[in-house]
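Input: a single structure, listed below in structure tokens.
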Amino acid sequence: MEPQTIPVPTPFEKKLQAASLCPLVSRDIVTLQINAGKRCSLLCKHCHVEAGPGRTEEMSRATLEKCLAIAAGQSITTVDITGGSPEMNPHIEWFLDAAAKLGKRLIVRSNLVILLDKEYEQFVDVYVRNRVELAASLPHWKAEKCDRQRGQGSFDKIVAVIRILNGQGYGREGSGLVLDLVHNPMGSFLPGPQAALEQEYKAELATVHGITFNKLFCLTNNPVGRFREHLAAKGSYEEYMAALERAFNPLAAENVMCRTTLSVGWDGSIYDCDFNQMLGLRVDHGAPNHIEEFDLEALRQRRIVVDDHCYACTAGQGSSCQGAVGKASGVRG
Amino acid sequence: MAHQYYESADLADFPNIEEFARDQGKAFFEYYGSSTGAGKLSEREKSLIALAVAHTEHCPYCIDAYTTKCLSLGLTSDEMMEAVHVGASMVAGAVLAHATQMRKIIRKNEM
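Protein chains in written order, with the numbering used here: chain A, -1 to 331; chain B, 34 to 144.
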């Protein structure tokens, strides 16, 4: 029997044209996202950064200083630090202490597991003293599912760290110390409704493990990095892309995160988002693409570089580093 | 290309089934949406019911759609398989309940 032909998705830019959103242009730069490096203590199956213990790329002190100067800009309200494990960058403690003085929202995306390591456990204090918001990936509330994606034993370690963080006030109502969890699907399908999943997470984690957190962010798996390799190995890349296209939501596209974010790579290159960063798609269309030539006015009005992976952020309820951006539209069967 | 009666790609055509009968199709989708969305029962509970019915009705499109939906909602394979067994046992029970007819006829007709 011949294999079924699954149509290649409509080029994303054409989809934007049909929704009267082309060209997609930045609205402002509200969030400065900084990739501190690709070294990580874990080796997760879904990682679009393809981070791991063997990676050596890390942001230099000079580049971090430049980021700090940019973060001081008036329009920027949020400094969002990603990796790898940001904790593995030797300059990050200095950076957090300095960035906290700017009085902006300061987020670190941590794998949490690293905070059990003697070498990095002091970061709990660093986070508390700088009122850093923590965002941590926890793909599922069941150990077996989480471990399948993040590595054997990772769930129990994350739970242990959340217990420590809860003890410091993180994830507790009224403490002002924010601990958000990040869910992504365990395969080639869209995440369910964020509110419903948050309810399940909260109930299960509180009842079974006695731990709490603030919000759950749902992220759609982007066909980039290791997840793309997974799709290719399963022969399901085309099918997944078709599903993303079917779920295209113009409202999610209108409010897509890259319109208010700037992403800085470990070497100071500038990107529209973290996914473009991993694909090597630097800011284009005449805007400066390196931090050394930073020009706020040019960048806040820049045209955003898009490609077919952008379907992931615009499918269903939408997907951003802050989770869903709206309600899903259309009939999904 | 070999064509089959059931092709998984046809699932994408589901939103178009209102073709040729717009009013009824529109009414169906409104009903479908309100019936399967969260109400007094959660979306998870309703999706498990739908998954079991998809199996008892032997609908490959529904099995595809609701397996994916259950996964999206974070349901585990154990929970989903339990729901399928509810459907299977209901069908088995319904078949066996009909044996009442057979047993009545046997009792009536045999000497």
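For glycine and all other residues, C-beta sits at the position ideal for the given N, C-alpha and C.
The model shown is predicted, which means the values in this text are computed figures rather than measured ones.
Starting from the Cα of residue i, find the closest Cα among the options and give me that residue.
i: Leu62/A; options: Ile79/A, Thr54/A, Ala49/A; result: Ile79/A
i: Asp265/A; options: Cys65/A, Gly50/A, Cys45/A, Met239/A; result: Cys65/A
i: Thr76/A; options: Met57/A, Gly101/A, Arg59/A; result: Gly101/A
i: Val47/A; options: Pro221/A, Asn253/A, Trp92/A, Asp282/A; result: Pro221/A
i: Thr101/B; options: Ile139/B, Ser67/B, Val119/B, Arg77/B; result: Arg77/B
i: Val254/A; options: Asp123/A, Ala313/A, Leu136/A, Arg148/A; result: Ala313/A
i: Glu112/B; options: Arg136/B, Ala85/B, Ala42/B, Cys92/B; result: Ala85/B
i: Arg300/A; options: Cys308/A, His307/A, Asn287/A, Leu104/A; result: Asn287/A
i: Gly172/A; options: Val180/A, Tyr238/A, Asn212/A; result: Asn212/A
i: Gly70/B; options: Ala60/B, Ala83/B, Lys59/B, Gly58/B; result: Ala83/B
i: Tyr125/A; options: Gly50/A, His138/A, Lys143/A, Phe93/A; result: Phe93/A
i: Glu40/B; options: Arg136/B, Gln134/B, Asp97/B; result: Asp97/B
i: Arg25/A; options: Thr8/A, Ala67/A, Ser73/A, Ser18/A; result: Ser73/A
i: Arg170/A; options: Asn182/A, Gly151/A, Ile209/A; result: Ile209/A
i: Tyr199/A; options: Leu175/A, Ser152/A, Val176/A, Leu136/A; result: Leu136/A
i: Ser318/A; options: Val304/A, Ala251/A, His44/A; result: Ala251/A
i: Ala116/B; options: Arg136/B, Lys79/B, Asp43/B; result: Lys79/B
i: Glu156/A; options: His207/A, Ala194/A, Asn182/A; result: As written in the sequence, residue 156/A is Ile, which differs from the Glu given in the question. It is His207/A whose Cα lies nearest to the Cα of Ile156/A.
i: Val106/A; options: Glu91/A, Lys99/A, Glu117/A; result: Glu91/A
i: Ser18/A; options: Asp270/A, Ala296/A, Arg280/A, Leu249/A; result: Leu249/A
i: Glu117/A; options: Leu277/A, Met86/A, Tyr168/A, Ser108/A; result: Met86/A
i: Ala97/A; options: Leu260/A, Leu30/A, Glu237/A, Lys143/A; result: Leu30/A
i: Leu277/A; options: Gly223/A, Arg127/A, Gln120/A, Lys143/A; result: Gly223/A
i: Pro7/A; options: Phe246/A, Ser108/A, Gly71/A, Glu295/A; result: Phe246/A
i: Tyr168/A; options: Asp154/A, Glu236/A, Pro21/A, Arg127/A; result: Arg127/A
Just reading off the alpha helix (DSSP H) that residue i is part of, what are its end residues?
i: Leu188/A; result: Careful: Leu188/A lies outside any alpha helix (DSSP H) and carries neither H nor E.
i: Ala351/A; result: Residue 351/A lies beyond the stretch modelled for chain A, which goes from -1 to 331, so this question has no answer here.
i: Thr122/A; result: One detail in the question is off: residue 122/A reads as Val in this sequence, not Thr. Element bounds for Val122/A: 121 to 127.
i: Phe61/B; result: 55 to 69
i: Glu252/A; result: 248 to 252
i: Ser105/B; result: 93 to 105
i: Phe215/A; result: It is not in any alpha helix (DSSP H) - Phe215/A instead sits in the beta strand (DSSP E) that spans 214 to 216.
i: Thr61/A; result: 59 to 69
i: Arg301/A; result: Per DSSP, Arg301/A belongs to no alpha helix (DSSP H) and is neither H nor E.
i: Arg280/A; result: Run containing Arg280/A: none; DSSP gives neither H nor E here.
i: Arg332/A; result: One cannot answer for residue 332/A here, as it falls past the ends of chain A, which runs -1 to 331.
Counting only the same chain and skipping the five closest in sequence on each side, list residues whose C-beta sits under 8 Å from that of residue i.
i: Asp115/A; result: Ser39
i: Met(-1)/A; result: Bear in mind that a pLDDT of 43 at Met(-1)/A, under 50, signals an unreliable position, so the model cannot answer this.
i: Arg53/A; result: Gly35, Lys36, Arg37, Cys38, Gly82
i: Thr3/A; result: Residue placement at Thr3/A is poorly supported in this model, since its pLDDT is 49, which falls under 50; the coordinates still yield a value, given next. So the list is empty, once near-sequence residues are dropped.
i: Gly346/A; result: Because chain A spans -1 through 331 in this model, residue 346/A falls outside it and cannot be assessed.
First and last residue of the beta strand (DSSP E) that includes residue i?
i: Val128/B; result: Element bounds for Val128/B: not the beta strand (DSSP E) but the alpha helix (DSSP H), 110 to 142.
i: Val157/A; result: Unbroken run through Val157/A is the alpha helix (DSSP H), 152 to 166; no beta strand (DSSP E).
i: Glu76/B; result: Unbroken run through Glu76/B is the alpha helix (DSSP H), 76 to 89; no beta strand (DSSP E).
i: Gln15/A; result: Premise fails: Gln15/A lies in the alpha helix (DSSP H), 10 to 16, not in any beta strand (DSSP E).
i: Ser135/A; result: 131 to 135
i: Asn33/A; result: 29 to 33
i: Thr76/A; result: 76 to 80
i: Arg224/A; result: No beta strand (DSSP E) holds Arg224/A; the alpha helix (DSSP H) holding it covers 223 to 232.
i: Asp272/A; result: That residue, Asp272/A, is in no beta strand (DSSP E); its alpha helix (DSSP H) goes 272 to 277.
i: Leu179/A; result: 177 to 181
i: Arg170/A; result: Counting along the chain, Arg170/A falls outside any beta strand (DSSP E), and DSSP gives it neither H nor E.
Could you tell me how far apart the beta carbons of residue i and residue j are, in whole angstroms, since I believe they sit closer than 8 Å?
i: Lys320/A; j: Pro191/A; result: Checking the sequence, you will find Gln at residue 320/A rather than Lys. Not a contact, Cβ separation roughly 16 Å.
i: Leu188/A; j: Ser105/B; result: 6 Å
i: Gly81/A; j: Ala34/A; result: 5 Å
i: Leu175/A; j: Arg103/A; result: Contact flag wrong, Cβ pair sits at about 13 Å.
i: Ala134/A; j: Phe215/A; result: That pair is no contact at about 10 Å.
i: Asp95/A; j: Glu131/A; result: Not confirmed; about 16 Å, so no contact.
i: Gln147/A; j: Met184/A; result: 6 Å
i: Ile409/A; j: Thr258/A; result: Only positions -1 to 331 of chain A appear in the structure, and residue 409/A is not among them; the question remains open.
i: Arg280/A; j: Ile268/A; result: 6 Å
Contact criterion: CB-CB distance below 8 Å. Does residue i meet it with respect to chain E?
i: Thr101/B; result: Considering every chain present, this structure includes no chain E. Its protein chains are A and B.
Residues in its own chain within less than 6 Å of residue i by CB, not counting five upstream and five downstream?
i: Arg330/A; result: Any reading at Arg330/A must be qualified, since the residue scores a pLDDT of 44, below 50, and its modelled position is unreliable; no value is offered.
i: Ile332/A; result: One cannot answer for residue 332/A here, as it falls past the ends of chain A, which runs -1 to 331.
i: Gly328/A; result: The pLDDT assigned to Gly328/A is 45, lower than 50, so where the model puts this residue is not dependable, and the model offers no usable value.
Please return the same chain residues whose Cβ sits closer than 7 Å to the Cβ of residue i, not counting the five positions on each side in sequence.
i: Pro1/A; result: Low local confidence applies: a pLDDT of 45 at Pro1/A is under 50, so the model's placement there is unreliable, with the coordinate-based value given in what follows. There are no such residues.
i: Thr50/B; result: Correcting the residue type first, residue 50/B is Ile in the shown sequence and not Thr. Gly58, listed in sequence order.
i: Trp139/A; result: Glu198, Tyr199, Glu202, Leu203
i: His89/A; result: Arg59, Leu62
i: Met239/A; result: Pro7, Pro221, Asp306, Tyr309
Contacting positions in the segment 189 to 213 of chain A - beta carbon closer than 7 Å to chain B: Pro189, Gly190, Pro191, Ala194, Leu195, Glu198
Against chain B, which members of the segment 235 to 260 of chain A pass a CB distance test of less than 9 Å? Glu237, Ala240, Ala241, Arg244
Got a sec: which bits of the segment 35 to 69 of chain B sit with their beta carbon under 9 Å from any beta carbon on chain A, in order along the chain? Ala35, Gln37, Glu40, Ser41, Ala42, Leu44, Ala45, Phe47, Pro48, Phe62, Tyr65, Gly66
Output, in sequence order along the chain, the residues in the segment 104 to 120 of chain B whose CB is closer than 8 Å to any CB in chain A. Leu104, Ser105, Leu106, Gly107, Thr109
For the segment 71 to 83 of chain B, list every residue whose C-beta sits within 8 Å of some C-beta in chain A, in sequence order. Ala71, Ser75, Glu76, Arg77
Closer than 8 Å, Cβ to Cβ, to anything on chain B: give me those residues from the segment 11 to 37 of chain A, in chain order. none
To be precise: take each residue of the segment 40 to 66 of chain A, compare its Cβ to all Cβ atoms of chain B, and keep it if any distance is under 7 Å. Which residues remain? none
Check each residue of the segment 126 to 152 of chain A: if its Cβ is closer than 9 Å to any Cβ of chain B, include it; give the result in chain order. His138, Trp139, Lys140, Glu142, Lys143
For the segment 264 to 278 of chain A, which residues have a CB atom closer than 9 Å to at least one CB atom of chain B, in sequence order? none
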